[in-house]
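*Asks:* This is the structure I have questions about; it appears just below.
Residue numbers (the numbering used here), protein chains in the order written: chain A, 1 to 112; chain B, 1001 to 1117.
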């Protein structure tokens, strides 16, 4: 069974610090990985996607992928109180698969 | 674009009643997904459609759940009869397949919060 595991948190960081969110996945054939942000009472919103080993940067966000370790992470630099949300990690098996398997999410709190 | 539209936004019903949730995907998207989210189980895929055809319904919990997509702009998720354990937020998402593996981003609707008493 495909599983995506995340630390549920809450993860608390002071404003301006780097927040580090981690995710592991069980399906070795997973090729695409996504980070969604979900504010309380709202729907998930895609913020980053990554498909190749290494780092991918987009503004204050950096996604990191290590397929050998089956590990994905999201770094948020200069954390802001508006970043406080639950972050969901998702994995897609391959080019022929259109389903996402989601982790249960990590709740991040950025303290002013 | 209006995004994915879901109705109703909130539904409170009594055990045993029929519940119908509705979704309008983003125009031009050919994939539609129904998810259920609870604190205990997180976000779970129930069923997804491609070009109005159900592709995988292995996530549908029981025969009490059914989903249809009569056309490209409308889908329903029906629960009959409803039970208290069906209480959750139900999300609809849509996407379109591009080239390679870098597409198929899923856009979520606002969700329907279902409470079964």
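All C-beta atoms in this analysis are idealised placements derived from N, C-alpha and C, irrespective of residue type, glycine included.
#1: Are any of the Cβ atoms in chain A nearer than 7 Å to that of residue 1110 of chain B?
#2: In chain A, what lies closer than 8 Å to residue 1090 of chain B by C-beta?
#3: Is the Cβ of residue 33 of chain A closer than 7 Å to any Cβ of chain B?
#4: Taking only beta-carbon atoms, is residue 25 of chain A less than 7 Å away from chain B?
#5: Cβ atoms of residue 43 of chain A and residue 1074 of chain B: under 7 Å apart, would you say?
#6: Would you mind giving the Cβ-Cβ distance between residue 32 of chain A and residue 49 of chain A, rounded to the nearest angstrom? I have them listed as a contact below 8 Å.
#7: Cutting at 7 Å between CB atoms, please list the residues of its own chain near residue 30 of chain A, excluding the five before and the five after it.
#8: Within 7 Å (strictly less), CB to CB, does residue 1105 of chain B reach chain A?
#9: Residue 1028 of chain B CB to nearest chain A CB: under 7 Å?
#10: CB residue 1011 of chain B to CB residue 1114 of chain B, shorter than 7 Å?
#11: At 3 residues or longer, and completely inside the segment 1036–1085 of chain B: list those beta strand (DSSP E) runs for me, N to C.
#12: How big is the Cα-Cα spacing for residue 1101 of chain B and residue 17 of chain A?
#13: Which residue wins for smallest C-alpha separation from residue 1090 of chain B, given the options B/1071, B/1015, B/1067, B/1072?
#14: On the DSSP bridge assignment, give the partners of residue 56 of chain A in chain order.
*Replies:* Well, looking at it:
#1: Start at 1 with the first residue of the second chain, and residue 1110 of chain B comes out as number 110. Cβ-Cβ to chain A under 7 Å: yes for residue 1110 of chain B.
#2: Walking along the second chain from the start, residue 1090 of chain B turns up at place 90. The premise fails here: residue 1090 of chain B is roughly 11 Å from chain A at the closest Cβ pair, so nothing lies under 8 Å.
#3: The residue you call residue 33 of chain A lines up with position 33 of the first chain. It does not; no Cβ of chain B falls within 7 Å.
#4: Here residue 25 of chain A refers to the residue found at position 25 of the first chain. Cβ-Cβ to chain B under 7 Å: no for residue 25 of chain A.
#5: As a first step, residue 1074 of chain B is located in the second chain; it is residue number 74 there, counting from the start. As a first step, residue 43 of chain A is located in the first chain; it is residue number 43 there, counting from the start. Cβ distance not < 7 Å, so residue 1074 of chain B and residue 43 of chain A don't count as in contact.
#6: Position 32 of the first chain, counted from the first residue, corresponds to residue 32 of chain A. Position 49 of the first chain, counted from the first residue, corresponds to residue 49 of chain A. Contact holds; Cβ gap of about 7 Å.
#7: Against the first chain, residue 30 of chain A aligns to sequence position 30. For residue 30 of chain A, where only same-chain residues beyond five positions count, the Cβ hits under 7 Å are 91, 92, 93.
#8: Here residue 1105 of chain B is taken as the residue at index 105 of the second chain, counted from 1. Yes, contact with chain A.
#9: As a working note, residue 1028 of chain B is residue 28 in the second chain. By this cut-off, residue 1028 of chain B is not an interface position.
#10: For the purposes of this step, residue 1011 of chain B is taken as residue 11 along the second chain, with counting starting at 1. For the purposes of this step, residue 1114 of chain B is taken as residue 114 along the second chain, with counting starting at 1. Cβ atoms of residue 1011 of chain B and residue 1114 of chain B: closer than 7 Å.
#11: 1042–1050, 1053–1056, 1065–1071, 1074–1079
#12: Position 101 of the second chain, counting from 1, holds the residue named residue 1101 of chain B. Position 17 of the first chain, counting from 1, holds the residue named residue 17 of chain A. Residue placement at residue 1101 of chain B is poorly supported in this model, since its pLDDT is 48, which falls under 50; the coordinates are not used for a value here.
#13: Taking the first residue of the second chain as 1, we reach residue 1090 of chain B at position 90. Checking every option, the nearest Cα to that of residue 1090 of chain B belongs to B/1067.
#14: Residue 56 of chain A sits at position 56 when you count from the first residue of the first chain. Residue 56 of chain A is bridged to A/63.
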